[in-house]
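Step one of this worksheet: look at the structure below.
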Amino acid sequence: MQKRKLYQKRSKPMFKRKRSPAKTVMSVILVVLLLGAIAFLGYSVGKPIVEFLGGRQVEKDETEVLPEENLPEKEPVVTEAVTKAPEETEPEVTEPPEPEPEPGKRILTMTIPTGAGNEEYIRSRAEYAKVNGYYGVSVELLAVGGSVKYQTANELAVSANAVSAGAIPDLKACADIISEAGLVPYARVSALTDHIVSWDKSICYLFENSTSTWLDNAMNMGGKPWMSTFSQPARDYICSIVKEISDAGFEGIISGELEFPPFRNSDLNYVGSSVKSADRYKGLQDFSNAMQGAFGTDKAYAVEVDAQDVISGRAEVLKAPDGLKAGTVYVKYDSAAVGLRVVKTDETEISYSGLSEEDKLRVVMRSVSDELSGSGKTIIPAVTDEALIPELVSLGYDEQLIVVY
Numbered sequence: 089m090q091k092r093k094l095y096q097k098r099s100k101p102m103f104k105r106k107r108s109p110a111k112t113v114m115s116v117i118l119v120v121l122l123l124g125a126i127a128f129l130g131y132s133v134g135k136p137i138v139e140f141l142g143g144r145q146v147e148k149d150e151t152e153v154l155p156e157e158n159l160p161e162k163e164p165v166v167t168e169a170v171t172k173a174p175e176e177t178e179p180e181v182t183e184p185p186e187p188e189p190e191p192g193k194r195i196l197t198m199t200i201p202t203g204a205g206n207e208e209y210i211r212s213r214a215e216y217a218k219v220n221g222y223y224g225v226s227v228e229l230l231a232v233g234g235s236v237k238y239q240t241a242n243e244l245a246v247s248a249n250a251v252s253a254g255a256i257p258d259l260k261a262c263a264d265i266i267s268e269a270g271l272v273p274y275a276r277v278s279a280l281t282d283h284i285v286s287w288d289k290s291i292c293y294l295f296e297n298s299t300s301t302w303l304d305n306a307m308n309m310g311g312k313p314w315m316s317t318f319s320q321p322a323r324d325y326i327c328s329i330v331k332e333i334s335d336a337g338f339e340g341i342i343s344g345e346l347e348f349p350p351f352r353n354s355d356l357n358y359v360g361s362s363v364k365s366a367d368r369y370k371g372l373q374d375f376s377n378a379m380q381g382a383f384g385t386d387k388a389y390a391v392e393v394d395a396q397d398v399i400s401g402r403a404e405v406l407k408a409p410d411g412l413k414a415g416t417v418y419v420k421y422d423s424a425a426v427g428l429r430v431v432k433t434d435e436t437e438i439s440y441s442g443l444s445e446e447d448k449l450r451v452v453m454r455s456v457s458d459e460l461s462g463s464g465k466t467i468i469p470a471v472t473d474e475a476l477i478p479e480l481v482s483l484g485y486d487e488q489l490i491v492v493y
């Protein structure tokens with residue numbers, strides 16, 4: 089029988105070997121030093137990494153990401169020491185320019201009532217024209233009959249008492265008021281209807297080969313002298329008036345009544361060859377040309393005639409129009425003055441009976457255009473009824489310069 093081997097189990101000591109105090113202290117010190125070294129190393133290496141990563145995040149958040157092809161070229165960064173923060177300046181605000189106002193239309197005639205030639209009246213009329221969109225104002229400065237409507241320095245006008253009561257005291261101030269309202273100042277003068285200074289024998293029509301003054305009626309019937317278109321002193325007088333108007337600042341002038349008196353056949357024999365000649369129209373044209381020269385060739389000068397006189401052939405200033413330097417002719421249309429028929433110089437008649445006011449205006453103005461065709465003159469209407477202006481515009485006339493009486 090085989091003998092069982094018996095193994096003797098080693099027994100552990102019941103108590104551990106006791107360590108010495110010196111070794112324990114040394115172990116603690118080593119552990120503390122090891123932990124300190126790890127902490128120092130972690131702080132030294134980790135802080136820059138954290139700051140770097142944080143800076144990248146801020147830069148990413150604050151910087152707009154651009155496509156690579158749009159990235160601006162890098163420029164060297166130049167740092168300067170800033171000792172003081174720059175003062176903030178408000179951005180300059182530039183207001184857009186105001187649009188130019190559209191030019192007005194039509195020229196308003198201003199007639200100075202007796203005793204009302206003061207600046208208040210002129211200013212009120214200029215303001216009315218401005219508010220109602222007019223282009224200009226035409227002031228009557230030499231009225232039919234020869235009354236001067238402003239304080240002139242012309243000695244003959246003053247000595248003949250031609251200056252009206254309440255005349256405009258300062259002609260330049262009058263033009264300035266109109267201009268300051270944004271309007272163009274015009275003047276109107278009646279060229280040859282004077283019955284005041286024409287009592288001067290050097291200015292009026294005389295009986296041929298005599299010093300007797302021709303009158304348009306008997307003295308006891310209120311007969312009056314007329315200014316002679318052939319008189320050089322008469323031209324000098326009117327040109328002096330026109331030059332004063334120009335020097336005061338008026339930019340345009342309309343010369344009306346460039347015509348002969350209503351001579352009867354017997355009157356023609358009394359006055360003589362000057363008014364019986366077939367070329368007498370040249371005296372009217374020469375008178376007008378002298379006025380235009382006095383006003384200034386660089387300014388707007390026009391003559392005015394009545395529509396019925398153009399149609400009838402009695403507007404002598406327009407006969408052979410090449411002799412008339414004025415390039416503009418105002419044709420005044422007054423339905424009442426035209427009437428229902430016009431008798432021409434050849435005794436033929438034009439009737440307007442049965443026509444409406446608009447149709448009558450169209451027929452008259454077409455007749456005027458036909459009569460002045462080929463004259464080279466610019467025709468501008470002058471009307472007493474503003475309601476007719478749209479009809480004139482439809483005929484092709486420029487509304488800007490149409491005169492309203």
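When you read off a place in the sequence shown, starting at 1, and then add 88, the result is the number in the working numbering. Backbone N, C-alpha and C fix where the C-beta goes; we use that ideal spot for every residue, glycine too.
Annotation for serine 235: no beta strand (DSSP E) segment contains it, and DSSP assigns it neither H nor E. Membership of glycine 371 in the alpha helix (DSSP H) is indicated by the continuous run 369–383. As the crow flies, the alpha-carbon of leucine 449 is around 8 Å from that of serine 423. A distance of 8 Å or more separates the beta carbons of valine 451 and serine 400. Aspartate 304 and tyrosine 358 have their C-alpha atoms some 12 Å from each other. A straight line joining the alpha-carbon of alanine 241 with that of leucine 271 spans about 26 Å. By the C-beta density criterion, lysine 387 is exposed, having fewer than 16 other C-beta atoms within 10 angstroms. For the 8 Å CB-CB criterion, glycine 192 and tyrosine 222 form a contact. Secondary structure note for tyrosine 223: it is in no beta strand (DSSP E), with a DSSP letter that is neither H nor E. Residue range 320–335 is occupied by the alpha helix (DSSP H) that includes lysine 331. Note: isoleucine 490 is not bridge-paired with any residue in the DSSP secondary-structure output. Taking a contact to require three or more Cβ pairs closer than 8 Å, the region 277–289 and the region 311–328 qualify as touching. Assignment of leucine 406 by DSSP, reduced to helix, strand and coil, places it in the helix class. Counting along the chain, the unbroken beta strand (DSSP E) around methionine 198 starts and ends at 195–198. For tyrosine 274, the beta-bridge partners assigned by DSSP are Ser226, Gly340. Annotated three-state conformation of lysine 420 is strand, per DSSP.
Each residue's CA atom was taken as its position, placing aspartate 324 and valine 363 some 20 Å apart.
Minimum Cα-Cα distance from lysine 420 among the listed residues Val246, Leu428, Ser343 corresponds to Ser343. For aspartate 394, the enclosing beta strand (DSSP E) stretches over residues 388–394. In this structure, the alpha-carbon of valine 405 lies about 10 Å from that of aspartate 397.
Shown here, leucine 476 sits in a helix according to DSSP, grouped into three states.
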